[in-house]
Amino acid sequence: MAEPTAGLLRHTSLRDQVLEVVRHALVSGEIRPGDIYSASALAARLQVSSSPVREAMLTLVNQGLMEPVRNRGFRVVPMSDQDLDEVYEMRVLLELPGTLKAAARITEADLDRLRALAKDIEAAAEEGDVVRFLDADRHFHLDLLGCGGNKRLVDSVATLRDQTRLYGLENLAERGVLTDSAREHREILAAIADNDTARLEELLRAHLRHIRSDWARS
Numbered sequence: 120m121a122e123p124t125a126g127l128l129r130h131t132s133l134r135d136q137v138l139e140v141v142r143h144a145l146v147s148g149e150i151r152p153g154d155i156y157s158a159s160a161l162a163a164r165l166q167v168s169s170s171p172v173r174e175a176m177l178t179l180v181n182q183g184l185m186e187p188v189r190n191r192g193f194r195v196v197p198m199s200d201q202d203l204d205e206v207y208e209m210r211v212l213l214e215l216p217g218t219l220k221a222a223a224r225i226t227e228a229d230l231d232r233l234r235a236l237a238k239d240i241e242a243a244a245e246e247g248d249v250v251r252f253l254d255a256d257r258h259f260h261l262d263l264l265g266c267g268g269n270k271r272l273v274d275s276v277a278t279l280r281d282q283t284r285l286y287g288l289e290n291l292a293e294r295g296v297l298t299d300s301a302r303e304h305r306e307i308l309a310a311i312a313d314n315d316t317a318r319l320e321e322l323l324r325a326h327l328r329h330i331r332s333d334w335a336r337s
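Here the working numbering is used: the first residue of the sequence shown is 120, the next is one more, and so on.
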């Protein structure tokens with residue numbers, strides 16, 4: 120049974136930390152459909168009690184990402200190619216116009232914060248640290264989208280991101296493919312700073328295409 124990389128747990132909500140660990144494992148395909156994931160086993164791995172782990176798993180059940188298996192644990196809900204196509208289409212429909220709107224309202228302070236995240240994404244890609252890469256990438260895009268002021272939109276895109284499956288990222292990291300994608304974040308910010316909407320849309324579409332064409336092949 121595949122297990123997620125634990126990483127370092129920070130002094131915040133244990134439930135939220137566990138949720139983040141499992142979410143990354145789901146998105147990266149480290150936990151695959153058919154695997155039964157024991158809450159007690161994960162709790163032991165992360166050196167926490169079973170309660171926050173179970174709470175995190177039930178959150179994923181409520182989001183439709185996992186399902187309970189009686190007396191055994193939790194299992195990943197399978198995602199077909201049709202499911203992944205629909206998730207990608209929804210992300211394009213929501214994330215593209217939402218990010219363009221956010222870019223029109225962004226401040227210099229926002230750009231500085233996002234540039235720091237972009238540097239972190241590039242550093243993680245260069246080091247082959249997939250967990251850190253996914254975490255920084257998630258924060259970058261949701262933070263950028265949040266500059267548009269629509270919290271429900273951000274929450275919807277966050278859920279769609281969690282439903283995405285990105286297989287073989289470790290291999291892509293070893294081949295340096297993630298480094299090229301990481302640099303696109305800097306290019307996105309440059310287009311925003313230049314008020315180049317056409318360039319920004321082109322970059323966003325290309326960036327989103329990675330999700331389905333390059334990274335979601337099982």
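All C-beta atoms in this analysis are idealised placements derived from N, C-alpha and C, irrespective of residue type, glycine included.
For residue i, the nearest candidate out of the options (CA to CA)
i: residue 155; options: 185, 257, 217 and 172; result: 185
i: residue 135; options: 173, 152, 267 and 311; result: 173
i: residue 276; options: 225, 220 and 213; result: 213
i: residue 160; options: 280, 145, 191 and 320; result: 191
i: residue 219; options: 318, 207 and 330; result: 318
i: residue 312; options: 187, 234 and 199; result: 234
i: residue 145; options: 269, 249 and 205; result: 249
i: residue 199; options: 326, 309, 221 and 151; result: 151
i: residue 314; options: 241, 227, 302 and 247; result: 227
i: residue 225; options: 316, 331 and 327; result: 316
i: residue 278; options: 183, 327, 187 and 310; result: 183
i: residue 327; options: 143, 201 and 304; result: 304
Buried versus exposed, by CB contacts within 10 Å (16 or more), residue i
i: residue 133; result: buried
i: residue 336; result: At residue 336, the pLDDT of 49 sits below 50, so the modelled position is not reliable; the number obtained from the coordinates is stated separately. Exposed: under 16 other Cβ atoms inside 10 Å.
i: residue 120; result: The pLDDT assigned to residue 120 is 43, lower than 50, so where the model puts this residue is not dependable; a value taken from the coordinates is nonetheless given after this. Exposed: under 16 other Cβ atoms inside 10 Å.
i: residue 274; result: exposed
i: residue 256; result: buried
i: residue 239; result: buried
i: residue 300; result: buried
i: residue 206; result: buried
i: residue 254; result: buried
i: residue 222; result: buried
CA-to-CA distance, residue j to residue i, given in whole angstroms
i: residue 259; j: residue 229; result: 11 Å
i: residue 263; j: residue 232; result: 10 Å
i: residue 196; j: residue 283; result: 12 Å
i: residue 162; j: residue 168; result: 6 Å
i: residue 158; j: residue 193; result: 8 Å
i: residue 170; j: residue 138; result: 12 Å
i: residue 129; j: residue 208; result: For residue 129, the predicted structure reports a pLDDT of 47, less than 50, and the residue's modelled location is therefore unreliable. A value from the coordinates is still provided. Spanning the two alpha carbons is a distance of roughly 34 Å.
i: residue 298; j: residue 236; result: 14 Å
i: residue 175; j: residue 265; result: 24 Å
i: residue 323; j: residue 164; result: 38 Å
i: residue 267; j: residue 189; result: 43 Å
i: residue 251; j: residue 281; result: 16 Å
i: residue 307; j: residue 325; result: 11 Å
i: residue 203; j: residue 270; result: 24 Å
i: residue 244; j: residue 329; result: 15 Å
i: residue 331; j: residue 166; result: 35 Å
i: residue 201; j: residue 309; result: 34 Å
i: residue 187; j: residue 143; result: 19 Å
i: residue 153; j: residue 181; result: 18 Å
Cβ separation of residue i and residue j, assumed to be a contact under 8 Å, to the nearest whole Å
i: residue 141; j: residue 179; result: 7 Å
i: residue 320; j: residue 215; result: 7 Å
i: residue 217; j: residue 261; result: Rounded, the Cβ-Cβ distance is 10 Å, inconsistent with contact.
i: residue 246; j: residue 302; result: The Cβ separation is near 15 Å, so there is no contact.
Heavy atom of the ligand NAP within 7 Å of residue i beta-carbon
i: residue 226; result: With respect to small molecules bound, the structure shown includes none, and the ligand NAP cannot be examined in it.
Quiz item: What are the complete alpha helix (DSSP H) segments, minimum 4 residues, inside the stretch 214-250?
Solution: 227-246
Exercise. With a floor of 3 residues, list each beta strand (DSSP E) that falls wholly inside the stretch 150-212, ordered by position along the chain.
Key: 185-188 and 192-195
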